[in-house]
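Residue numbers for the sequence shown, in the UniProt record's numbering: 1 to 381.
First the structure, in the form of structure tokens, and then the observations on it.
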Amino acid sequence: MAETTSWIINAEKENLLKFWNMNANDKRPKAPNMMAEKSEPAMSDVIAMENIDSGTNKNAVTTKKVGNRYTSPRSTVDDKSGTTLKNETAADQIYEAIKVGYRLFDGAIDYGNDQEIGKGIKRAIDEGLVKREELTVVSKLWNSYHAPENVVKAINKVLSDLQLDYVDVFYIHFPIAQKFVPIEEKYPPGFYCGKNGWEFEDVPLAVTWAAMEKLVEKGKTKSIGISNFNGALIQDLLRGCKIKPQFLQIEHHPYLVQPRLIKYAQDNDIAVVAYSSFGPQSFIELDVPQAKGAVSLFQHDLIKSIASKHKVSAGKVLLRWATQRGLVVIPKSNKKERLIENFNINDFDLTSKEIEEISKLDKHLRFNDPWTWGAEIPIFI
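Laid out in structure tokens, this is it:
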């Protein structure tokens, strides 16, 4: 899967993230203030991204404040699952995405095409289309590299492949440590642990997080985040961390709403990023059994009805449902016309009743769970 799974492309016309000081009474070290020299637009306390009149640039957007630390958009684009960003075309697609106006690229070690992505970014920078500081590049630590010394090896490999000096956000991909696999043996390793099959590694999350914090201190990443964590793990992490996670990335769609987890994260000033916003669609293409038995959200009567009322696509309804509830979304697409459509999801609003009706579709149905694929890894049990 790692060889064909794509990089996620996330969009924002301006710069995606600006990091702000933590609460005044929070004595923990502050993450670096990216782009502090930029002037600050008027902001509210919710995630938002609005289209603004910018002369001939109809895609220009502004961002609004999340809590008191940074700004983040509510619309981005995900190419990770299903329709893949293949290695042979990745560099060109990233380059073209930058030409369209995309400025954030959310990837991971596990996607296996950092070198190609780096080529696309370098080409755009070399041709003067964009400056490095105008891009937000995101990556994720894979399960095989949770030991402190391997965290360093992993980030160095990522930076080398991307041809960058730093990434802007570095996540822990899954809250699970598996046996280390040397980079020269297999990279990315996926769930491969060697000839003896699956093996765990005794590395507590607190130890891995401390190593992540050191990456911030050394300037290898501007910020750190967590992915696929539950509330108890977040609470435990917050008890002992020096630098709070700034982002939580989770599977989120009308079949898996997770309102309590979202509220807990947001109450702790952690921005929530939703992946797989279209539910089973991407996972059907990856032969995930649970997805094959689920009704496509694009074909669901409720979603179709709301889309028809607002004269927009079903996909835009699903994205707007999330963003109006304060989430950042990363929907998938590698088609230029779809990238542009997803870029402009802010031209309509759902009613509170429509948001409530969509939320009631919740089935607690998770598609991104290795256990259901035959790998008994206790991430979500």
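Glycine residues also receive a C-beta, built at the ideal position from the N, C-alpha and C atoms.
query                                                                                                                                                                               : result
Are at least three pairs of beta-carbons, each pair with one atom in the region 185-205 and one in the region 124-140, less than 8 Å apart?                                         : no
State the start and end residues of the unbroken alpha helix (DSSP H) segment that holds residue 299.                                                                               : Neither: residue 299 is in no alpha helix (DSSP H) and is coded neither H nor E.
Go through its chain and collect everything with a Cβ distance to residue 273's Cβ below 6 Å, but skip five positions before and after it.                                          : 247, 249, 328
Look up residue 253 in the DSSP assignment and give the residues it is bridged to.                                                                                                  : 256
Is the beta carbon of residue 162 less than 8 Å from the beta carbon of residue 118?                                                                                                : yes
Have a look at residue 335 and residue 322 and give me their C-alpha separation to the nearest angstrom.                                                                            : 22 Å
Hey, how far is the Cα of residue 101 from the Cα of residue 124?                                                                                                                   : 11 Å
Return the first residue and the last residue of the alpha helix (DSSP H) that residue 121 is part of.                                                                              : 114-126
Our contact map puts residue 180 next to residue 228 with C-beta atoms below 8 Å; I'd like the distance itself, whole angstroms only.                                               : The Cβ separation is near 20 Å, so there is no contact.
Decide if residue 237 is buried, meaning its Cβ has at least 16 other Cβ atoms within 10 Å, or exposed.                                                                             : buried
Mapping the DSSP letters down to three states, classify residue 109 as helix, strand or coil.                                                                                       : helix
Skipping 5 residues on each side, what residues in its chain have a beta carbon closer than 6 Å to that of residue 167?                                                             : 137, 139, 221
Can you list, in chain order, the residues of its chain with a C-beta nearer than 7 Å to that of residue 194? Leave out the 5 residues immediately preceding and following it.      : 179, 181
With a floor of 3 residues, list each beta strand (DSSP E) that falls wholly inside the region 177-253, ordered by position along the chain.                                        : 221-227, 247-251
Since residue 176 contacts residue 377 with CB under 8 Å, what's their CB separation in whole angstroms?                                                                            : 6 Å
To which residues does DSSP link residue 147 through a beta bridge?                                                                                                                 : Per DSSP, none; premise fails for residue 147.
Helix, strand or coil: how does DSSP classify residue 17 here?                                                                                                                      : Here residue 17 scores only 32 on pLDDT, less than 50, and its place in the model should not be relied on; the value that follows carries that caveat. If DSSP states are grouped into helix, strand and coil, residue 17 belongs with coil.
Assuming residue 121 and residue 94 make a contact with CB atoms under 8 Å, what is their CB distance in whole Å?                                                                   : 6 Å
Count the other C-beta atoms from every protein chain shown that fall within 10 angstroms of the C-beta of residue 280, then say buried if there are 16 or more, exposed otherwise. : buried
What is the DSSP secondary structure of residue 319, reduced to helix, strand or coil?                                                                                              : helix
If you draw a straight line from the C-alpha of residue 240 to the C-alpha of residue 282, how long is it?                                                                          : 36 Å
Tell me whether residue 114 is buried or exposed, calling it buried when 16 or more other Cβ atoms sit within 10 Å of its Cβ.                                                       : buried
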